[in-house]
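Protein chains in written order, with the numbering used here: chain H, -10 to 354; chain X, 493 to 766.
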């Protein structure tokens, strides 16, 4: 992977948040440490009200941290005024200037440099307008635009100034699902094209999965896990993260010799043989990693349980099936196999999953 | 369904009561103002040719425009500060700013008269050419003192309603506080500012009590429209008195219309909400 090493080498730490604390009213950020690399698309994921926006506002200079340091390329970033930091900020509701047209909004940041008429800038603006596909909107005022159009304008306004860091605060939460899907792709292409270091905040895991180079998961004002999307998705570090990334089946039990003993006596085989692992643990099994059959199948999978279907919810192409095997497990099956196997509520089934599909959650319960 | 009938009847009484009071008050207001307009308007043109009325109009315009200008100069930075920044003692500052609004203007006038006429500070100023007692400058100062809390209130709620994140975005785009204020905040405050100016100016035109105390009521010297009304009514010249009153009413109604057009209601509401 030659391209990958090249990629790695280019990526120095560019923005460092070290042990940042901030108290704002009832709400606080605690011990936030993040190292964001150059050109990285970094997503901060967490439920609403966990202080994600405040992190962006600290980076942009609206607030100073109570404790901790903020470094940009090893320099103290906190000393700089917001107008000196060269960050692009896109708020959740876009915060376009209502008294200016789309064109004037986009040119706002460039006019201030005093060389608004210089060729480079007009090329930059032209490029951005094409990239965001908004030339037909240039003379309109923000209040006449749809959510998606406001969104494009806000992003164009932020990036024409070539910011060092682009900060996106829940940029898609106000869009309808269809626009959101289109926009997700565009945002990814935009990042590939410009390579601007980007910090994006969201509560939507699928959004994070699609866009992020790395994800930080936040809970109650703290960062609880940082990793690549696949790390977070496959090996969530705690029950909270597991629930957040849609890992439905989180179970508590006691670890003993390669097995986890659940309260009702069920034994689940796991692969991790960690001697440090002792006593109470939480485990998680992704619902799509469980196979449902009417008969017991003989395979290498080491976890086989008999149970009864107690609920089926149609999710469109898939169905979520809940089976009682002494405990309740959720399973995702395609609607095709649901019909083929004639699965109905009340039927007996066998649930099978591999030992390697069982994840140990190490974080707080 | 006897119950339903009772409800219907009571609902009808309820709305009828509201309509009754609205009509009563509206008739009263229209009746009272028309008493002046009916008598004043037919003679208006004739009155406008009288020297004394011309003097009063000119003096009223001159003093009200200057005092409104000072109200703007003071109210913009003060109200922005009070709307945006939090500091220790802010509520005390707010209350002090409102004092001239709570005082009867005539009391404000007495206070100013003593300050500028009867203290070392006042004498010092007078020695340096700033004479306020029984002068035109005194009229301007009285109007300013009485009106500045109103424009501060209007501007405060105007600035308060502007999303601070717009200013913050402007700063991330490289504008410092000052530039942001002129490029973002002030343009967004335009309607509130115009409404504030119109209402302040109209109030300055009608200012009587404080001006009377500080500047006195000297014919053809400190004779603004309301003072002229007062002087002419006192000596029984009803025709001249009504001419001044008519002009004041007409200016007041026009400025009220402008204020309403610019969303004045909004400011009054947020004033109450504070």
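Positions of the beta carbon are idealized from the N, C-alpha and C atoms, including for glycine.
- Neighbourhood of residue 150 (chain H) in chain X, by CB distance below 8 Å: 665, 666, in chain order.
- Taking 9 Å as the Cβ-Cβ cut-off, the stretch 659 to 691 of chain X approaches chain H at 660, 661, 662, 663, 664, 665, 666, 667, 668, 669, 671, 672, 675, 676, 679, 680, 682, given in chain order.
- Per the DSSP secondary-structure output, residue 216 (chain H) pairs in a beta bridge with H:204.
- At a Cβ-Cβ threshold of 8 Å, residue 212 (chain H) and residue 186 (chain H) do not count as neighbours.
- Residue 320 (chain H) carries a strand assignment under DSSP once its states are collapsed to helix, strand and coil.
- Taking a beta-carbon distance threshold of 8 Å, residue 576 (chain X) does not count as an interface residue toward chain H.
- According to the DSSP secondary-structure assignment, residue 72 (chain H) is paired through a beta bridge with no residue.
- Taking the Cβ atoms as the reference, residue 307 (chain H) lies roughly 10 Å from residue 320 (chain H), outside the contact range of under 8 Å.
- What residue 657 (chain X) touches in chain H, judged by beta-carbon distance under 8 Å, is 80, 84, going in chain order.
- Contact between the stretch 703 to 720 of chain X and the stretch 628 to 641 of chain X is present: 3 or more CB-CB pairs across the two stretches fall below 8 Å.
- Between the stretch 589 to 601 of chain X and the stretch 637 to 645 of chain X, the count of C-beta pairs closer than 8 Å reaches three or more; the two stretches touch.
- If you look at residue 590 (chain X), you'll find it in the alpha helix (DSSP H) that goes 582 to 594.
- Between the C-alpha atoms of residue 218 (chain H) and residue 116 (chain H) there is a straight-line separation of about 31 Å.
- The Cβ-Cβ distance between residue 290 (chain H) and residue 299 (chain H) does not fall below 8 Å.
- Looking only at X:730, X:662, X:740, the smallest Cα-Cα distance to residue 50 (chain H) is reached by X:662.
- As the crow flies, the alpha-carbon of residue 541 (chain X) is around 12 Å from that of residue 548 (chain X).
- Interface residue (Cβ-Cβ distance to chain X less than 8 Å): residue 101 (chain H) is classified as such.
- It is roughly 22 Å from the alpha-carbon of residue 149 (chain H) to the alpha-carbon of residue 26 (chain H).
- Close CB contacts of residue 643 (chain X) within its chain, under the 6 Å cut and outside five residues either way in sequence, are with 563, 567, 688, 692 (chain order).
- For residue 19 (chain H), the three-state secondary structure derived from DSSP is strand.
- Contact annotation for residue 49 (chain H) against chain X: 664 [CB-CB distance below 7 Å, chain order].
- At the C-beta level, residue 10 (chain H) and residue 4 (chain H) stay beyond 8 Å of one another.
- Residue 245 (chain H) is classed as exposed because its beta carbon has fewer than 16 other beta carbons within 10 Å across all chains shown.
- Within the same chain, and ignoring the five residues on either side of residue 532 (chain X) in sequence, the residues whose Cβ sits closer than 7 Å to its Cβ are 734, 735, 737, 738.
- In this structure, the CA atom of residue 127 (chain H) is about 12 Å from the CA atom of residue 146 (chain H).
- Counting only runs of 4+ residues, the alpha helix (DSSP H) found wholly inside the stretch 594 to 647 of chain X occupies 597 to 609, 612 to 619, in chain order.
- Contact annotation, residue 741 (chain X) with residue 529 (chain X): C-beta distance approximately 6 Å; criterion of less than 8 Å satisfied.
- In the three-state scheme derived from DSSP, where H, G and I count as helix and E and B as strand, residue 9 (chain H) is classed as strand.
- Distance from the CA atom of residue 516 (chain X) to the CA atom of residue 682 (chain X), rounded to whole angstroms, is 37 Å.
- For the stretch 5 to 31 of chain H, the beta-carbon criterion of a distance under 8 Å to any beta-carbon of chain X is satisfied by none of its residues.
- For residue 724 (chain X), the secondary structure class from DSSP, reduced to helix, strand or coil, is helix.
- The Cβ of residue 159 (chain H) sits no closer than 8 Å to any Cβ of chain X.
- The beta carbons of residue 221 (chain H) and residue 239 (chain H) sit about 15 Å from each other, so the pair does not count as a contact at 8 Å.
- As the crow flies, the alpha-carbon of residue 23 (chain H) is around 49 Å from that of residue 754 (chain X).
- Not one beta carbon of chain X lies nearer than 8 Å to the beta carbon of residue 229 (chain H).
- In the structure shown, residue 713 (chain X) adopts coil according to DSSP, grouped into three states.
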